[in-house]
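Down below is the structure, laid out as structure tokens.
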Amino acid sequence: MVIQDLPPEQPAVVAAAPPEWDLTVGVINATVQLDQSIDGGQRKVGTGFLISAPRLDGTPRVLLVTARHVLDVMPGREARIGWRTAEADGVWKFTPETLTIRDTAGEPVWTSHPERDVAVMQISAPPAFAQAAIPAGWLADAGAFDRWRMGPGDELMALGYPHGLSANRAGFPILRLGRISSWPLTPIRHFPTFLLDFVVAQGNSGGPVFWTPAARRVPGAPALDHPFIAGVLVQEVQSGGQGIDLGVVVHADYVRETIALLDQSGD
């Protein structure tokens with residue numbers, strides 16, 4: 035028997051990159067349904083997503099982002115936000131809670147962008163959702179599309195609740211995939227929105243449009259190490275009163291600007 039003076043060298047442990055679907059699921063977990071019952075047994079439905087955006091002093095804060103018109107068309111003081119709860123046996127349950135969207139005087143408690151269909155508001159989220167909130171750094175800034183060479187034909191994903199439908203009884207959003215369908219995309223001060231080729235329906239408004247490595251891009255395009263929010267879906271393109279399977283997306287930098295307005299208000 036030969037006794038080694040030193041133990042055999044162990045192979046280096048290399049941290050594996052997270053699977054691409056994990057990144058997609060991360061955005062899914064941050065996306066929620068918003069709805070409000072109105073007269074006649076009907077309801078208004080939209081989509082929102084959560085952003086982790088600490089205050090200027092570093093205090094943690096969770097913000098709800100959606101399209102401004104989603105909240106505008108809900109006349110009541112309270113809406114519902116569709117939380118989802120995981121049970122010990124792996125079952126998920128839809129556990130919506132009340133969300134106050136107007137104060138006692140009927141004034142909005144959200145902050146709107148002055149020119150774009152974007153709204154943000156601070157909310158109190160359950161711990162699991164606060165943890166799932168998307169880092170504010172994942173919001174694409176004004177130069178992101180040029181820096182990352184995003185262009186027509188690149189794929190982006192979109193989450194929402196078309197016609198108030200969800201992927202299952204637990205209330206998870208429905209994922210769609212589309213291609214950027216317009217050009218030019220920048221500078222965003224001249225082109226504040228862009229078109230995405232996918233089937234849009236009422237209920238999709240306010241949902242995140244985002245990129246992960248699971249989406250296809252032009253060969254040779256710069257690689258990114260995290261997903262990014264490209265924008266917020268705000269509208270379906272129609273012609274003659276009919277949808278033509280195109281969505282209008284507001285660039286995510288306008289979400290950044292709206293958060294800055296919220297910070298200026300001291301909320």
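Going left to right, the sequence shown walks through residues 35 to 301 as the numbering used here numbers them.
Backbone N, C-alpha and C fix where the C-beta goes; we use that ideal spot for every residue, glycine too.
In DSSP terms, what residue i is bridged to
i, result
"Ala192", "Arg210 and Val243"
"Gly277", "Gln272"
"Trp126", "Ala120"
"Gln156", "Leu97"
"Glu131", "Ile115"
"Asp69", "Val79 and Arg114"
"His285", "Gly265"
"Ile222", "Answer is none; Ile222 lacks a bridge partner."
"Thr227", "Val284"
"Thr145", "Val154"
Pair within 8 angstroms by beta-carbon distance, residue i and residue j
i, j, result
"Thr65", "Leu193", "yes"
"Ala87", "Ile278", "no"
"Ala174", "Asp287", "yes"
"Gln67", "Val79", "yes"
"Val289", "Val152", "yes"
"Val284", "Gly265", "yes"
"Phe232", "Leu211", "yes"
CA-to-CA distance, residue j to residue i, given in whole angstroms
i, j, result
"Thr138", "Gly110", "11 angstroms"
"Leu199", "Ser215", "26 angstroms"
"Phe128", "Arg114", "12 angstroms"
"Arg61", "Ile168", "Correcting the residue type first, residue 61 is Val in the shown sequence and not Arg. If I take the Cα positions, the gap works out to 7 angstroms."
"Val125", "Glu112", "28 angstroms"
"Leu40", "Arg118", "Note that Leu40 has pLDDT 43, beneath the 50 cutoff, so the model's placement of it is unreliable and no number is given."
"Leu296", "Leu133", "18 angstroms"
"Asp73", "Gly92", "43 angstroms"
"Gly274", "Met108", "26 angstroms"
"Glu189", "Leu229", "12 angstroms"
"Met191", "Asn202", "19 angstroms"
"Thr246", "Trp144", "29 angstroms"
"Gln76", "Gln70", "9 angstroms"
"Thr227", "Ala164", "29 angstroms"
"Leu280", "Ala101", "17 angstroms"
"Leu57", "Gly300", "32 angstroms"
Residue i CB to nearest heavy atom of the ligand FMN below 7 angstroms
i, result
"Gln236", "This structure lacks the ligand FMN; in fact it carries no ligand of any kind."
Next item on the list: Count the C-beta pairs between the stretch 252-261 and the stretch 232-239 that are closer than 8 angstroms, then say yes if the count reaches three, no if not.
Entry: These segments do not touch.
Margin query: Can you confirm whether the stretch 96-108 touches the stretch 155-174 when touching is taken to mean that 3 or more C-beta pairs between the two stretches lie within less than 8 angstroms?
Written below: In short, these stretches touch, since the Cβ pair count reaches three.
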